[in-house]
Amino acid sequence: MENEHNITIIGSTGSIGTQTLEVADEYPNIKIHGLSAQSNIELLEKQIRKYKPKVAAVVDEEKAKELKIKVSDTNTKIVSGNEGVCEVATVDGADLVVTAVVGISGLKPTIEAIKQKKNIALANKETLVTGGHIVTKLCKQYGVEILPVDSEHSAIFQSMQGFDKKDIKKIILTASGGPFFGKTKDELSKVTLEDALKHPNWNMGAKVTIDSSTLVNKGLEVIEAKWLFGVDASQIKVLVHRQSVVHSMVEYKDNGVMAQLGAPDMKLPIQYAITYPKRLPMRGNELDFSKYSSLTFQEPDMETFYALKLAYDAARIGGSVPTVFNSADEEAVELFRQRKISYLDITRLIGEAMERIENIENPSIEQIFEVEKEARRVVREMAD
Ligand code: NDP
Ligand code: MG
């Protein structure tokens, strides 16, 4: 049927996943063919009953068994493990995959989906950070489009409509600055897990919230932008914009700057990625300019928040260094959430892992996962 959007969602129980389903609630012509979770089978069961997907995956094997019994009265096939997530990503009938899983777990299912010629609505930035060189090549080979869901990248993409990529001079990636903007290293040494889990403007999953506070998230976004828009890291400029109204900008060769503005709400980028190139009506959350007496832009403090500097190094060097940056962060954030390391240790451990692990140029998928393991091992070892 024309105007029908057939989608599948990996990571449907998370922040982006549930908001994607809220977008689908507004548009019955968005059909859900697959859903997946790591372990939250309570929510996944509700989603299965409501959206009636063909297939649903649970990474945790025991939980998958439990769910299978619970939903045995439905027609949804329950699969498990990482292979199960790949099955959801490649399910028949869907032509677009929303990659809403967190971490490097997004890489394999995204690659499998591309090989099945499914377009990608990409929230999982870690996929491009670790495997950008492979994923972009495969997209060309299979004629697949990546539609950004990350709000900044969606803003850039929207600011590119009607223009030629070749005319881009610079990308200006805005950053809220997170909850600790303006703080000194000394003040940061006292930050607790609870402090780091509070974001001033956005309501997101735990990992991306902590990454936003360290500016690791912005760093991952620099690398993501490099692959998505085919620019050099030196053409990407990060600016702190506390109000999160200008979601990012593109400066062209004639010095003209295009920007996309809106209330901080992920539903617009999610909806745009699904229904592109249409701009369908959206209820609520209009941007009220009268609420803002000023919009401010400042340079980021890359000395205090030097994770951003490390990300630029990783983007410039390439190879397996971005995988080390990403995986060291994933491990360090996990240790921080278990209260085993301090807040400042996160960035310190990423830097040390980058120094210790030798770069592999043009790594294969297998090598990326070996580097991931090594980075996690090094971080755990140094944290002890
Ligand atoms: P959440 O932590 O809220 O959700 C993650 C989802 O992935 C859940 O469905 C979770 O299942 C599942 N999951 C967790 N670990 C694994 C794993 N190892 N393998 C397979 N599935 C797994 O994350 P967010 O929605 O916040 O973020 C998702 C992605 O989107 C990230 O890459 C993030 O950087 C990006 N992003 C998020 C934004 C946001 O506003 N949240 C904004 C821009 C980008 P379960 O519920 O069972 O744990
Ligand atoms: Mg973002």
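Numbered by my numbering, the letters in the sequence shown go through residues 892 to 1275 in order. Using N, Cα and C, we set each Cβ at its ideal position, and we do this for glycine too.
Exposure label - residue i; buried when at least 16 CB within 10 Å
{"i": "F929", "result": "Note on identity: in this sequence residue 929 is Gln, with Phe being the wrong assignment. Per the 10 Å Cβ criterion, buried."}
{"i": "L1111", "result": "buried"}
{"i": "D1102", "result": "buried"}
{"i": "F1054", "result": "exposed"}
{"i": "T899", "result": "buried"}
{"i": "D1267", "result": "According to the sequence as given, residue 1267 is Arg; it is not Asp. Looking at its Cβ environment, which holds 16 or more other Cβ atoms inside 10 Å, R1267 is buried."}
{"i": "E974", "result": "exposed"}
{"i": "S1255", "result": "exposed"}
{"i": "L912", "result": "buried"}
{"i": "Y1033", "result": "exposed"}
{"i": "R940", "result": "exposed"}
{"i": "D978", "result": "Correcting the residue type first, residue 978 is Glu in the shown sequence and not Asp. By the neighbour-count rule (16 or more Cβ atoms within 10 Å), E978 is buried."}
The ligand MG heavy atom lying under 8 Å from the CB of residue i
{"i": "H924", "result": "no"}
{"i": "S1080", "result": "no"}
{"i": "N1217", "result": "no"}
{"i": "H1044", "result": "yes"}
{"i": "D1156", "result": "no"}
{"i": "E1112", "result": "yes"}
{"i": "N1250", "result": "no"}
{"i": "N1108", "result": "yes"}
Distance cut-off 8 Å: residue i Cβ against heavy atoms of the ligand GTP
{"i": "N1094", "result": "The ligand GTP is absent from the structure shown, which contains only the ligand NDP and the ligand MG."}
Other residues of its chain near residue i: CB distance less than 6 Å, five sequence neighbours each side excluded
{"i": "R1209", "result": "Here the sequence assigns Gly to residue 1209, which means Arg is not the residue at that position. Counting only Cβ-Cβ distances below 6 Å, and skipping sequence neighbours, we find nothing."}
{"i": "G994", "result": "E1017 and E1221"}
{"i": "G1023", "result": "W1118"}
{"i": "D1311", "result": "Only positions 892 to 1275 of the chain appear in this structure, which leaves residue 1311 out of reach."}
{"i": "V1131", "result": "A1066, G1068, Q1189 and P1191"}
{"i": "A980", "result": "I901, V988, P1000, E1003 and A1004"}
{"i": "S906", "result": "M1095 and G1096"}
{"i": "F1196", "result": "L1106"}
Straight-line Cα distance separating residue j from residue i
{"i": "V946", "j": "K1117", "result": "34 Å"}
{"i": "A985", "j": "N1217", "result": "29 Å"}
{"i": "Y1183", "j": "M1193", "result": "27 Å"}
{"i": "M1245", "j": "E1252", "result": "14 Å"}
{"i": "V1270", "j": "S1211", "result": "16 Å"}
{"i": "A1046", "j": "Q1052", "result": "10 Å"}
{"i": "L855", "j": "R1230", "result": "Examination of residue 855 is not possible in this model, given that the chain is present from 892 through 1275 alone."}
{"i": "S1125", "j": "L1064", "result": "12 Å"}
{"i": "S1181", "j": "N1108", "result": "30 Å"}
{"i": "K1008", "j": "S996", "result": "20 Å"}
{"i": "A1206", "j": "I1114", "result": "5 Å"}
{"i": "E1257", "j": "K1264", "result": "11 Å"}
{"i": "D1179", "j": "A1154", "result": "8 Å"}
{"i": "E1261", "j": "H1044", "result": "29 Å"}
{"i": "F1227", "j": "D1145", "result": "46 Å"}
{"i": "E957", "j": "T967", "result": "14 Å"}
{"i": "N1010", "j": "V1035", "result": "5 Å"}
{"i": "N1250", "j": "W1093", "result": "34 Å"}
{"i": "G925", "j": "L1013", "result": "16 Å"}
{"i": "G1073", "j": "K1169", "result": "39 Å"}
{"i": "L1186", "j": "S1135", "result": "9 Å"}
{"i": "S1042", "j": "C1030", "result": "21 Å"}
Cβ-heavy atom distance, residue i to the ligand NDP, below 8 Å
{"i": "D1220", "result": "no"}
{"i": "G994", "result": "yes"}
{"i": "E1017", "result": "yes"}
{"i": "G902", "result": "yes"}
{"i": "G905", "result": "yes"}
{"i": "A1202", "result": "no"}
{"i": "K1198", "result": "One point to set straight first is that residue 1198 is Ala, not Lys, in the sequence displayed. Not so, every heavy atom of the ligand NDP lies at least 8 Å from the Cβ."}
{"i": "S930", "result": "yes"}
{"i": "V1129", "result": "no"}
{"i": "L935", "result": "yes"}
{"i": "D1123", "result": "no"}
{"i": "S927", "result": "yes"}
{"i": "K1074", "result": "no"}
{"i": "D1236", "result": "no"}
Cβ shell of residue i (< 8 Å), same chain only, five flanking positions each side left out
{"i": "P1172", "result": "none"}
{"i": "R1174", "result": "E917"}
{"i": "S1050", "result": "S1139, M1140, V1141, M1149, A1150 and Q1151"}
{"i": "L1201", "result": "G1110, F1216, T1238, I1241, G1242 and M1245"}
{"i": "K1098", "result": "V993, G994, E1221 and V1224"}
{"i": "T965", "result": "I939, R940 and K943"}
Contacting residues, own chain, Cβ-Cβ under 7 Å from residue i (five flanking each side not counted)
{"i": "G972", "result": "V950 and E952"}
{"i": "F1071", "result": "L1079, V1082 and S1104"}
{"i": "Y1143", "result": "F1054, D1058, I1059 and K1060"}
{"i": "E895", "result": "N920 and K922"}
{"i": "L1199", "result": "L1106, K1109, G1110, V1129, P1191 and M1193"}
{"i": "P944", "result": "I923, H924, G925, L926 and T967"}
query = Which runs of the alpha helix (DSSP H), 4 residues or longer, sit entirely within the region 983-1060?
reply = If only complete runs of 4 or more residues are kept, the region 983-1060 shows the alpha helix (DSSP H) at 998-1006, 1016-1033 and 1042-1049, in order along the chain.
ask   = Unbroken alpha helix (DSSP H) runs of length 4 or more, entirely within the region 903-948: which are they?
value = DSSP runs (the alpha helix (DSSP H)) wholly in the region 903-948: 906-917 and 932-942.
query = Taking the runs of the alpha helix (DSSP H) that are 4 residues or longer, which of them lie wholly in the region 1175-1240?
reply = You should have 1198-1208 and 1212-1228.
request  = Within the region 1124-1176, note down every full beta strand (DSSP E) run reaching 3 residues or more, in order along the chain.
outcome  = Within the region 1124-1176, the runs of beta strand (DSSP E) that reach at least 3 residues and sit entirely inside it are, in chain order, 1127-1131, 1137-1143 and 1148-1152.
task = Write down every uninterrupted run of the beta strand (DSSP E) in the region 1087-1126 whose length is 3 residues or greater and which is fully enclosed by it, in chain order.
result = The region 1087-1126 contains no whole beta strand (DSSP E) run of 3 or more residues.
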